[in-house]
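Sequence lines, in order, name chains A and B. The first sequence runs 1 to 240 under the working numbering. The second sequence runs 1 to 223 under the working numbering.
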Amino acid sequence: MTPPPPLRPTGFLALLGVATALICAALYCVAFVAEPDAVLGIVQKIFYFHVASAIAMMLCLSSGSLLSLVDLVAPSERVDALARAAIETGLIFAVMVLTSGPLWARKSWGAWWTWEPRLTLTLMLLLLATAVTGIRAMAPDGTGRKIAAALASLAAPVAYLIHVAVQKWGGTHPMVLKGGGIQSPGMQWTFRIALLAIFSFAATLWTLRYRQRRLEQRLLNLQLEISAQTVRRSRDGGLT
Amino acid sequence: MLLRLTWLLLQKDLRVAARSREVFGFMLLFALLCVVVFAFGFLREGEAAAAQVPGVLWVTLLFAGTVGLLRLFAAEEEGGTLHLAQRTLAGPHPLLLSKSLMQLIFSGVTTLLLLPVVLVFFDAALVQPAPVLAALALGLVGQAVLGALVAALLVHVRLREVLLPLVLYPLLAPLLIAGVRVTVLAQGNAPAETVDSWLGLMAGYDLVVLATAPWLHARVVEP
């Protein structure tokens with residue numbers, strides 16, 4: 001058996017550098033470049049990280065679901081590691097969205113939480129992703145991957161239906177946040193940089209977790225190989 | 001072949017259920033208990049009890065259904081016959097189908113017995129019974145098929161009693177939201193289009209589940 005080429009951390013370290021620089025730049029822009037909102041005041045600055053995290057969460061979870069489907073159709077350790085890392089990264093951003101969201105909501109809507117469609121959907125996604133991640137830990141060896149992949153691929157169409165349902169349900173509530181509304185160039189540029197910063201941060205976490213999973217898989221395969229060799233050697237040698 | 005094997009498996013499950021009288025009785029008792037507990041929790045003096053009916057009804061059915069789902073594969077698991085039932089001549093489909101039907105029978109009978117009880121306890125009347133019955137049928141089908149799928153996936157998983165609701169309830173959220181809305185609307189004189197659009201959502205949900213569940217089940221249990 002030829003050993004697989006080593007997983008070099010070059011790409012990961014480059015991503016980490018880019019993400020660090022961009023997050024510093026975004027923090028600077030949020031603090032000094034973007035003007036405070038005329039109506040909402042300084043609390044509106046949560047927007048830059050909040051919305052970017054929400055987009056990153058949706059991207060991570062939907063690609064996690066899609067990759068799970070791919071792994072179910074054509075099983076591959078690489079795709080499994082990618083899918084798993086995507087869902088876990090999405091989970092982190094879901095927590096970020098649900099932490100920054102209420103802080104903003106308290107100031108602009110006067111309540112920590114409302115059953116606004118987007119909030120409800122995010123909460124449901126957080127619960128689903130947590131459950132799928134938890135099942136892997138609880139399933140006996142080898143089966144957790146398939147179970148988690150099946151549930152994760154089912155979660156995407158169901159999430160769409162949850163979205164439709166909570167939209168219709170939320171239709172009875174008057175408070176619906178309207179997106180957009182940032183006009184000044186300072187705010188627009190800040191949002192763009194924050195978006196890039198969060199995306200590169202998401203990519204960094206994703207890569208980190210993916211590498212860790214791949215190394216785990218390799219270690220496991222090596223262990224299997226060694227125990228198989230040991231069995232073979234004791235069988236051949238034990239007969240003499 | 002598929003239908004014949006499904007019928008055989010279902011017959012076996014019904015016979016086991018009739019002889020042991022285990023799950024169904026507890027499911028019914030648990031549903032009744034839920035209604036009582038919700039009455040303690042939600043009824044206020046001076047407020048109409050009837051307003052609580054939609055929530056109480058649907059959440060009770062969700063909880064009682066879970067009791068059935070947690071025992072759905074108990075016979076196969078305890079008898080060690082699960083891997084045999086998964087490998088019929090028609091593949092693993094008869095197993096999922098028969099278990100879904102089994103759950104549907106249990107939850108359907110529970111619902112038929114529970115609905116009058118809830119209406120009496122909460123002093124309510126159904127102004128429009130047809131949409132509520134349609135919503136209950138669609139909701140129970142979705143819960144049975146998706147529930148049987150999740151139960152089948154989690155058979156060997158540790159802490160599955162905890163994990164099953166954790167996975168199932170968020171997945172069932174559209175049915176729960178829509179079912180409660182239809183029941184609320186049917187208590188008054190809501191326009192038919194609004195009710196129909198909610199029922200359409202439930203039907204769409206059931207279609208998605210019916211189309212994907214057998215495939216996912218087969219992908220996971222087949223070696």
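Idealized CB from N, CA, C, for every residue including glycine. Note that the structure is a prediction, hence the values are computed from the model and not measured.
Residue i, enclosing alpha helix (DSSP H) - first and last residue
| i | result |
| --- | --- |
| ILE92/A | 77–108 |
| ALA26/A | 10–28 |
| LEU28/B | 23–42 |
| ASP123/B | No alpha helix (DSSP H) holds ASP123/B; DSSP gives it neither H nor E. |
| GLY55/B | 53–70 |
| GLU161/B | 160–187 |
| ILE55/A | 46–73 |
| ASP206/B | 192–221 |
| THR130/A | 117–138 |
| LEU40/A | Careful: LEU40/A lies outside any alpha helix (DSSP H) and carries neither H nor E. |
| LEU14/B | 2–20 |
CB contact flag (residue i, residue j, <9 Å)
| i | j | result |
| --- | --- | --- |
| ALA39/B | ALA49/B | yes |
| THR138/A | GLU35/A | Here the sequence assigns Met to residue 138/A, which means Thr is not the residue at that position. Cβ distance not < 9 Å, so MET138/A and GLU35/A don't count as in contact. |
| VAL18/A | TRP189/A | no |
| LEU8/B | LEU61/B | no |
| PHE47/A | MET96/A | no |
| ALA94/A | ARG213/A | no |
| ILE147/A | LEU153/B | yes |
| LEU161/A | TYR205/B | yes |
| LEU28/B | LEU113/B | yes |
| SER68/A | ALA159/A | no |
| SER107/B | LEU10/B | no |
| TRP104/A | GLN167/A | no |
| PHE63/B | PHE30/B | yes |
| TYR169/B | LEU176/B | yes |
| CYS29/A | ALA203/A | no |
| ALA186/B | GLN128/B | yes |
| VAL132/B | THR183/B | yes |
Whole-number beta carbon distance between residue j and residue i, since they are thought to touch under 8 Å
| i | j | result |
| --- | --- | --- |
| GLN103/B | LEU72/B | 6 Å |
| ALA178/B | LEU146/B | Contact flag wrong, Cβ pair sits at about 14 Å. |
| THR89/A | LEU205/A | 5 Å |
| ALA124/B | VAL53/B | 5 Å |
| TRP113/A | PRO102/A | 6 Å |
Within-9 Å CB hit, residue i to chain A
| i | result |
| --- | --- |
| ALA148/B | no |
| THR212/B | yes |
| HIS83/B | no |
| TRP58/B | no |
| SER197/B | yes |
| PRO131/B | no |
| LYS12/B | no |
| ARG160/B | yes |
| ARG219/B | yes |
| GLY204/B | yes |
| SER20/B | no |
| ARG181/B | yes |
| HIS93/B | no |
| ILE105/B | no |
| VAL120/B | no |
| LEU163/B | yes |
| LEU61/B | no |
| PRO174/B | yes |
| VAL157/B | yes |
| MET1/B | no |
| ALA178/B | yes |
CB contact check: residue i to chain B, cutoff 9 Å
| i | result |
| --- | --- |
| VAL73/A | yes |
| PRO6/A | no |
| ALA94/A | no |
| ILE87/A | no |
| VAL43/A | no |
| GLY134/A | yes |
| LYS107/A | no |
| MET57/A | no |
| GLY144/A | yes |
| VAL158/A | yes |
| MET187/A | no |
| LEU13/A | no |
| SER53/A | no |
| MET175/A | With a pLDDT of only 43 at MET175/A, under the threshold of 50, the placement of this residue in the model should not be trusted, and no figure is reported. |
| PHE49/A | no |
| THR130/A | yes |
| MET138/A | yes |
Any chain E beta carbon closer than 9 Å to residue i
| i | result |
| --- | --- |
| LEU205/A | The structure shown contains no chain E; its protein chains are A and B. |
Residue i Cβ short of 8 Å to the ligand MN heavy atom set
| i | result |
| --- | --- |
| ASP13/B | In the structure shown, the ligand MN is absent, as is every other ligand, since no ligand is present at all. |
> In the stretch 151–237 of chain A, which residue ranges form an unbroken beta strand (DSSP E) of at least 3 residues, counting only runs that do not cross its ends?
Replying inline: none
>> Suppose only complete runs of 4+ residues qualify. What are the alpha helix (DSSP H) ranges in the stretch 80–152 of chain B, listed by chain order?
In response: 82–86, 93–121
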